[in-house]
Structure formats: C-alpha cells, structure tokens
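Inspection log for the structure reproduced underneath, given as structure tokens.
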Amino acid sequence: MSFTLAIVGRPNVGKSTLFNRLVGKRLALVDDQPGVTRDLREGAGRLGDLRFIVVDSAGLEIAEDDSLQGRMRRLTERAVDEADVCLFVIDARVGVTAADEYFADILRKRAKHVILAANKAEGRAGEAGAMEAYALGLGEPLRISAEHGEGMDDLYRALVPLAEQFEAQNVQQAPETDVAVEDGDEEAEDWRPSAAKPLQIAVIGRPNAGKSTLINKILGEDRLLTGPEAGITRDSISVSTDFMGTPVRIFDTAGMRKKARVTDKVEKLSVADGLRAVRFAEVVVVLLDVGIPFEQQDLRIADFAESEGRAVVVAANKWDLEEDKPEKLKELREAFERLLPQLKGAPLVTVSARTGKGLDRLHNAILKAHEVWNRRVPTARLNQWLGAMTEAHPPPAPGGRRIRLRYITQVKTRPPAFVVMATHTDKLPDSYQRYLVNGLRQDFDMPGTPIRLTFRDQGTKNPYKDKAGKISQSGALSKHKHRQKPKGA
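Position 249, counted from 1, in the sequence shown is what the numbering used here calls 326; the numbers after and before it change by one each time, with no gaps.
Shown next as structure tokens:
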C-alpha cells in the first residue's frame, strides 16, 4: 500500500458509500441520516491496480467547542494532516454550501494533495452542482456516483500519478541495506547521518508504552497526539528533526498487540503499517513499559527487527515512576540477556518520555548501534582472529572427519555479513556457529547488531592438486624415456 487516502466532506455527502466501494465491502454504516460516522475508519482500498489505505471520516461541521461535533471535527482534521491525499466530497445535487467553502479553505492550507469529487452527479440533477464546484479553487471536480460506481475511472486516473510519486518517495526513503564490501575500503564514511540522508529510526512497542510521548519530547513540541487511552496512534507517521545535533527521521508506529487480540480490522492494518516502518528504519528503538517489561509481544517485536537485519536499541520507559532503580535495572539486564540472546550486548537504556530524562543516553545508544551496523573489518584481521578462535576451540570431527575453516571475509555491511570457506559445512553444529558469532561481537566490538555468518563448502579440493599431478606425470614420462633410450640405441 503506497499511500493513504482520506475521504472528507460535510455530513451525508456519501463518504461512507464511497469508502465501502473502494474497500469492496460494507464496512461503514450507511444511512440517510447525517452524522452516522463519528470515528475514523480505515480499510484496504483497491482501484484497478492501485492498493492504498482509505480512511472514512466524520462529517465536517463548523463547531469550535468541545461538543461531540467539535471533537469529531478535530479528529477529521487530524486525518487531513496525516493523509497523503484528501478526497474532498461535495453533494452535487445540493451544490456548494458555505460549509463546503469553509472546509475547502482548510484543505488548501493543510492537505498535501486534494482531489475534489462531486458525488451524486448521475443524471442531470447534479450538473449544476458539479459546475459550481469549480468555484472552490481545488481544480477540476470529478463527477462521480459512489452508489452506482460512476466516475471511478476518472478517480483512478487522478490517483495514478500521485501513487507513482509516493512510490518513488518510498524507494528514496528506504535505507540502503546489505551493502557489498570491497576489500580495502574500510575507511568509507558515506553512511554517516547528514541533512541529505538523515538517520532513520522506528519507535515500536506495545500500545501505551509512550512512543508518541517520547517522540514529542525529542521534537520539543506536541506534534503527535497522545493520551491515556491505548492505541491512539493508528498508522506510522514520519517526522524529521535534529536530535541533539544528529539529523534524523523518526517513524512513530501503532502499538503492536498479540495477534490473537488484534480483532479490529483497523488495528490489523496499523500493525502491518508498523512492520513496514521497521523496514524503512536503520535503527529500531523497542520501547518497553518498565512496569511490565519483556512481555511476549515485546520479544516478538525485537526478534522481528533483528530478523529484518536492523540495529536494535531497547529503551525502558516510565523510569521516573520506578522507586528501586538499581534493583530494577539489574532485573531488566538479566531478563534481556536471558530472553533475547540473539541481541546479546544490544544497548539497554532507561528513559522517561514524560520528563525527558535519559534522552542523552538514548541518543548515544542509537548512534553507537548505527555505527556498529556499518562496521567493516579488514580481511587480514579476520583471518588472524579465525586462526586464534579455531586454535582455542577446534571445530568438531564428526565420524573422524575434521572440519576445516580455511578462510573468512566480510562481504556486506548494514548489517555486517561474513562468509567462511570451510570443509564439511553440513556437519558444522549450530553451537559452533554461535561460538563464532559471539566471538565476532566481542573481539570486534559489535554488540547487539544482527550478524550474518554463512559457510561455503570448499570441499577437500586442493588448488595445487591438478598442477602437482601434471608435474608428477611430466617427471614420470621423462624418467621413462631416459630408461628406454639405451635400449633403443
């Protein structure tokens, strides 16, 4: 899904009918009575070959107070701010109203892209209203009928260039991973964060762990909606900022609950969106609630980040509420090492998103994790290390056949990846592979980052065998001729 499309407009203009048509299901309630939709509803939209997230919103009403209509309006405005494209729907049979003009002005100021649609435009009854829509200053209105499916081709043609633009942005924003290493370029530093290429960070965790609060504190402003209710954030939102002198792009994600508990379709989409955010990140911050740390879902989230090959930092939030801090920190470290051995040595920092305490520790941990993720080790040093490791603890000899580790080299960074040329690699036990990975972590200062170690079977072939054979045959033939010569003379 390459973009988010929010359907906005006055009550009873046909937003929910259009939403149902785009998702292909009757997910939203539809009735002639205005104001049936009160919350944001998301679905997987489909139009031709386009795939996107479509958001049905409450009807926009002119209400500034804290009434239900006022709160609904603010929620819809939030959808406008976060959506990639806003589809502004008016009722062609009613024509342009004062409220339409008011909200068109809001969209011009706040929306990234606006497509104007005159709904209920089938037949002659909607012609006048569709013509009036030009006066809103939002471009040529699309004449559609959500109920009968008319005008969907025009909507598709309006969305295609925007979808291509967002797809290009996604490719541009995606971090470079599995970068090939050439021997001798260990000093390359083009990976360091800059204004042009900010360090990309995803903050993930269970609902109500304080992700949005933490990002607001980093930004220094209340940019993201927060509150005591779990699950306020529904989709991953990226914001760019300067984090203590480091240019960064931070992805705030929806809270990820256990799959069995995710029954709401919106939340399923939100979790999928959060997993996509991990793929856009270079460093993933797994945010825990220090009161209930390392629940099963926390472990799954951290394991997913590691399996995607991203650098991981674990941050325990709400540290200001903890009374016995030394004892709690000891418990956290013990649980971390026991439950996440694949991230052995990864930074574990304590923070308070509410007060901002520990942000310096978090910043340093992120930079360290990113530097390790880009670590390059010279081949000569690696082979000296391999010799020492095999001498200290030789590989096993299953069936009396010794496994020989002949050569090691680093082939990639982001994350670090190594290849070992060996014999009988199918007989090498997992325990010995873990021994080597742990040795790489410790001896080359690569704590916490995913390390990819693969073995290629070189067999027992000797590169000099054929050459030696030819020399041997040549010598034997010469001796044979020498012996035969006197006899033939």
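Backbone N, C-alpha and C define an ideal beta-carbon position, used for all residues, glycine too.
Continuous beta strand (DSSP E) stretch holding residue i: start and end
| i | result |
| --- | --- |
| residue 211 | Taken as a continuous stretch (DSSP letters only), residue 211 belongs to no beta strand (DSSP E), as it is neither H nor E. |
| residue 119 | 118-124 |
| residue 483 | 482-490 |
| residue 529 | 529-534 |
| residue 362 | 360-366 |
| residue 84 | 81-86 |
| residue 374 | It is not in any beta strand (DSSP E) - residue 374 instead sits in the alpha helix (DSSP H) that spans 373-384. |
| residue 499 | 494-499 |
| residue 165 | 162-168 |
| residue 427 | 425-427 |
| residue 394 | 388-394 |
| residue 127 | 127-133 |
Whether residue i touches residue j by CB criterion (8 Å)
| i | j | result |
| --- | --- | --- |
| residue 177 | residue 283 | no |
| residue 278 | residue 355 | no |
| residue 193 | residue 216 | yes |
| residue 198 | residue 205 | no |
| residue 449 | residue 525 | yes |
| residue 328 | residue 280 | yes |
| residue 534 | residue 500 | yes |
| residue 158 | residue 92 | no |
| residue 527 | residue 422 | no |
| residue 189 | residue 161 | yes |
| residue 604 | residue 165 | Residue 604 is absent from the structure shown; the chain starts at 78 and stops at 566. |
| residue 181 | residue 214 | yes |
| residue 502 | residue 258 | no |
| residue 483 | residue 498 | yes |
| residue 131 | residue 163 | no |
| residue 568 | residue 363 | Since the displayed the chain opens at 78 and closes at 566, residue 568 lies outside it and no answer follows. |
| residue 376 | residue 417 | yes |
Run of the alpha helix (DSSP H) containing residue i, from where it starts to where it stops
| i | result |
| --- | --- |
| residue 507 | 507-520 |
| residue 186 | 175-187 |
| residue 466 | 456-469 |
| residue 94 | 92-100 |
| residue 413 | 402-416 |
| residue 292 | 288-296 |
Closest Cα partner of residue i within the set the options
| i | options | result |
| --- | --- | --- |
| residue 235 | 219, 407, 418 and 459 | 219 |
| residue 481 | 273, 99 and 471 | 471 |
| residue 247 | 420, 81, 166 and 421 | 81 |
| residue 510 | 498, 519 and 531 | 531 |
| residue 240 | 123, 521, 383 and 490 | 123 |
| residue 431 | 497, 99, 474 and 297 | 297 |
| residue 359 | 445, 201, 498 and 502 | 445 |
| residue 267 | 484, 452 and 529 | 452 |
| residue 317 | 352, 285 and 270 | 270 |
| residue 252 | 276, 272, 245 and 368 | 276 |
| residue 521 | 95, 384, 293 and 461 | 461 |
| residue 414 | 456, 475, 322 and 379 | 379 |
| residue 320 | 469, 492, 384 and 433 | 433 |
| residue 463 | 441, 399 and 514 | 514 |
| residue 286 | 399, 369 and 529 | 369 |
| residue 290 | 209, 395 and 352 | 395 |
| residue 508 | 272, 473 and 457 | 473 |
| residue 223 | 383, 118, 169 and 238 | 169 |
| residue 456 | 443, 494, 477 and 512 | 494 |
| residue 505 | 479, 529 and 371 | 479 |
| residue 121 | 90, 83 and 155 | 83 |
Cross-strand partners of residue i (DSSP beta bridge)
| i | result |
| --- | --- |
| residue 317 | 326 |
| residue 247 | Paired residues: none, contrary to the question. |
| residue 220 | 195 |
| residue 435 | The partner list for residue 435 (beta bridge, DSSP) is empty, contrary to what the question assumes. |
| residue 278 | 327 and 360 |
| residue 369 | None; residue 369 has no bridge partner. |
| residue 256 | 490 |
| residue 227 | 222 |
The ligand COA heavy atom lying under 7 Å from the CB of residue i
| i | result |
| --- | --- |
| residue 355 | Looking for the ligand COA in the displayed structure turns up nothing, as the structure carries no ligands at all. |
Should the region 421-428 be called in touch with the region 383-399, which here means at least 3 C-beta pairs below 8 Å? yes
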